[in-house]
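*Asks:* I am attaching a structure below and will ask some questions about it afterwards.
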Amino acid sequence: MAGHEVNFRDFEDHKRVKFFQEVATLISTEWAFVGRYLRLSDAALTQLEMNHRGNQREINYAMLIEWYQNADRAITTNVFLATALKAAGRTDLHDWVMEKCNKSQ
103 MAGHEVNFRD FEDHKRVKFF QEVATLISTE WAFVGRYLRL SDAALTQLEM
153 NHRGNQREIN YAMLIEWYQN ADRAITTNVF LATALKAAGR TDLHDWVMEK
203 CNKSQ
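The sequence shown begins at 103 in our numbering and counts up one residue at a time.
In structure tokens, the structure reads:
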């Protein structure tokens with residue numbers, strides 16, 4: 103799906119939080135695969151799971167925030183996130199992220 107690149111660092115805080123909460127709800131149990139494609143270490147993913155044990159949506163959200171807060175600006179984009187989702191087998195979410203970001207601009 104074609105679309106332009108949007109950097110989440112350019113989103114207002116409330117807009118970014120809302121977007122990540124929506125994505126977190128949709129990721130489901132593929133979060134660790136997505137996290138690895140977002141270049142998070144296995145140690146970071148294990149820590150997220152321990153910190154939020156039993157709350158899958160919170161694990162997913164924390165994983166997105168961890169990526170956003172610790173990644174270089176060059177990879178905090180909708181395209182990078184969508185590519186990670188697609189690589190983790192979530193083509194549906196790849197398309198959703200791209201469409202949602204295209205509508206927001």
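Don't be surprised by glycine CBs; every beta carbon is placed ideally from N, CA and C.
Owing to the predicted nature of the structure, the values given are computational and were not obtained by experimental measurement.
State the Cα-Cα distance for the pair residue 154 and residue 163, rounded to the nearest angstrom.
*Replies:* The count along the sequence shown starts at 1 and reaches residue 154 at position 52. The count along the sequence shown starts at 1 and reaches residue 163 at position 61. Going from the Cα of residue 154 to the Cα of residue 163 covers about 10 angstroms.
*Asks:* Decide if residue 186 is buried, meaning its Cβ has at least 16 other Cβ atoms within 10 Å, or exposed.
*Replies:* In the sequence shown, residue 186 corresponds to position 84, counting from 1. So residue 186 counts as buried.
*Asks:* Within 10 angstroms of its Cβ, does residue 117 collect 16 or more other Cβ (buried), or is it exposed?
*Replies:* Walking along the sequence shown from the start, residue 117 turns up at place 15. Burial state of residue 117 is exposed, judged by a 10 Å Cβ sphere holding fewer than 16 other Cβ atoms.
*Asks:* Verify whether the separation of the beta carbon atoms of residue 124 and residue 181 is less than 8 angstroms.
*Replies:* Your numbering for residue 124 matches position 22 in the sequence shown. Your numbering for residue 181 matches position 79 in the sequence shown. Taking 8 angstroms as the Cβ cut-off, residue 124 and residue 181 do not qualify as a contacting pair.
*Asks:* Over what stretch of residues does the alpha helix (DSSP H) that includes residue 141 continue unbroken?
*Replies:* Along the sequence shown, one-based indexing puts residue 141 at 39. No alpha helix (DSSP H) contains residue 141, which DSSP labels as neither H nor E.
*Asks:* With respect to the alpha helix (DSSP H) encompassing residue 160, which residues constitute its N-terminal and C-terminal limits?
*Replies:* Within the sequence shown, the letter at position 58 stands for residue 160. Looking at the DSSP string, the run of the alpha helix (DSSP H) that includes residue 160 is 158 to 172.
*Asks:* In angstroms, rounded to a whole number, what distance separates the CA positions of residue 157 and residue 188?
*Replies:* As a working mapping, residue 157 is identified with position 55 in the sequence shown. As a working mapping, residue 188 is identified with position 86 in the sequence shown. Their Cα atoms are separated by approximately 23 angstroms.
*Asks:* Taking the straight line between their C-alpha atoms, what separation do you get for residue 166 and residue 141?
*Replies:* Reading the sequence shown from its first residue, position 64 is the one you call residue 166. Reading the sequence shown from its first residue, position 39 is the one you call residue 141. The straight-line gap from Cα to Cα measures roughly 11 angstroms.
*Asks:* Nearest to residue 192 by alpha carbon, out of 135, 170 and 109?
*Replies:* Position 90 of the sequence shown, counted from the start, is the residue given in the question as residue 192. Of the candidates 135, 170 and 109, the one whose C-alpha sits nearest the C-alpha of residue 192 is 135.
*Asks:* Taking the alpha helix (DSSP H) that residue 124 belongs to, which residues open and close that run?
*Replies:* Counted from its first residue, the sequence shown places residue 124 at position 22. Per DSSP, residue 124 belongs to the alpha helix (DSSP H) from 115 to 129.
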